[in-house]
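So the structure is just underneath, and the comments pick up after that.
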Amino acid sequence: MTIAHPLETPWTFYYFQRPPANSPDMNYEESIHKIGKVFTCEEFWSIYSHLIRPDKLPATIALHLFRGDSRAMWEDADNIKGGSFLLRLPKGQVKFLWEKLLLAMISEQFPGDVNGAAVSTRPKVDLYIWHRTASNEVARMEICSTLWRELGLPHKTKIDYSPFSDMMNTSASKTQIQYIIESDGPAMKIMTKGKQDA
């Protein structure tokens with residue numbers, strides 16, 4: 146008899162496929178495709194083990210893992226007051242760090258308002274961590290501290306942070322927040338720029 150190991154909350158795998166440049170307009174939501182929802186560690190591994198690794202992803206594909214039925218959409222009820230952290234990584238590091246990140250998420254090593262993660266490839270690899278409460282500075286710092294600890298981020302690594310409210314309101318001034326990993330953990334740097342500087 147196989148014993149299942151339930152997760153504290155279910156998580157859902159998705160992939161995002163960017164439509165060709167010459168294709169008819171397709172909205173973002175239609176480009177997000179569900180792979181499967183997992184309730185146990187065993188179900189997580191049964192899907193994860195068959196997914197392409199991030200360092201092999203085509204530039205048109207992104208992988209997502211989100212809590213419950215949430216999706217990587219700013220307008221999603223779980224995300225609308227939140228924001229995202231961005232790590233830019235060399236391709237050689239990403240497959241190890243992506244796996245470490247997902248395992249830290251499903252084992253609830255992060256604060257409870259972490260809602261999901263996404264990875265996409267460009268010249269470097271973009272690793273995003275989404276959470277629900279952009280206004281909670283303590284939670285943001287705790288998330289960065291957990292990233293530092295769980296991913297073993299080296300000294301001077303930069304983590305960019307963007308509230309989704311800034312992304313949705315293009316006419317407003319932008320608050321640029323960056324966390325820099327120091328020897329004793331993350332430190333926050335804040336800059337604000339107006340619309341004319343964007």
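Numbered according to the numbering used here, the sequence shown spans residues 146 to 343.
Cβ coordinates follow ideal geometry from the N, Cα and C atoms, glycine included.
This structure is a prediction, so every number in the text was calculated from the model and none was measured.
Neighbourhood of residue 232 by C-beta, 7 Å cutoff - its chain only, sequence neighbours within 5 removed = Within the sequence shown, the letter at position 87 stands for residue 232. Answer for residue 232: 272 and 304, listed in chain order.
What is the residue span of the beta strand (DSSP E) that residue 273 lies within?
-> As a first step, residue 273 is located in the sequence shown; it is residue number 128 there, counting from the start. Where residue 273 is concerned, the enclosing beta strand (DSSP E) stretches over 270-276.
Using the beta-carbon count (16 or more within 10 Å), is residue 209 buried or exposed?
-> Working through the sequence shown from its first residue, we reach residue 209 at position 64. Its Cβ being crowded by 16 or more others within 10 Å, residue 209 is buried.
Alpha-carbon to alpha-carbon, residue 293 and residue 302 = Numbered from 1 along the sequence shown, position 157 holds the residue referred to as residue 302. Numbered from 1 along the sequence shown, position 148 holds the residue referred to as residue 293. The alpha-carbon atoms of residue 302 and residue 293 are separated by roughly 9 Å.
Return the Cβ separation of residue 352 and residue 177 in integer angstroms, given the expectation that the two are a contact with Cβ distance under 8 Å.
-> In the structure as shown, the chain begins at 146 and stops at 343. Residue 352 is therefore absent and cannot be evaluated.
Tell me whether the beta-carbon of residue 299 lies closer than 8 Å to the beta-carbon of residue 240.
-> Residue 299 sits at position 154 when you count from the first residue of the sequence shown. Residue 240 sits at position 95 when you count from the first residue of the sequence shown. In this structure, residue 240 does not lie closer than 8 Å to residue 299 by Cβ.
Alpha-carbon to alpha-carbon, residue 225 and residue 155 | By 1-based counting over the sequence shown, the position of residue 155 is 10. By 1-based counting over the sequence shown, the position of residue 225 is 80. Approximately 20 Å, taken between the alpha carbons.
Which residues mark the beginning and the end of the alpha helix (DSSP H) in which residue 197 is found?
-> In the sequence shown, counting from the first residue as 1, residue 197 sits at position 52. Residue 197 -> no alpha helix (DSSP H), and no H or E assigned at all.
For residue 278 and residue 264, the rounded distance between their alpha carbons | Translated into positions along the sequence shown, residue 264 becomes position 119. Translated into positions along the sequence shown, residue 278 becomes position 133. So the two alpha carbons sit approximately 21 Å from each other.
Delimiting residues of the alpha helix (DSSP H) encompassing residue 246 | For the purposes of this step, residue 246 is taken as the residue at position 101 of the sequence shown. First-last of the alpha helix (DSSP H) with residue 246: 236-251.
Figure out for me which residue from 260, 160 and 234 has the closest Cα to the Cα of residue 219.
-> The sequence position of residue 219 within the sequence shown is 74, counting from 1. The candidate whose alpha carbon is nearest that of residue 219 is 260.
May I ask which residues mark the beginning and end of the beta strand (DSSP E) holding residue 148?
-> As a first step, residue 148 must be located in the sequence shown, where it is residue number 3. That residue, residue 148, is in no beta strand (DSSP E); it is neither H nor E in DSSP.
When you compare only the Cα positions, how much space is there between residue 295 and residue 246?
-> Looking up residue 295 in the sequence shown gives position 150. Looking up residue 246 in the sequence shown gives position 101. When rounded, the distance between both Cα atoms is 7 Å.
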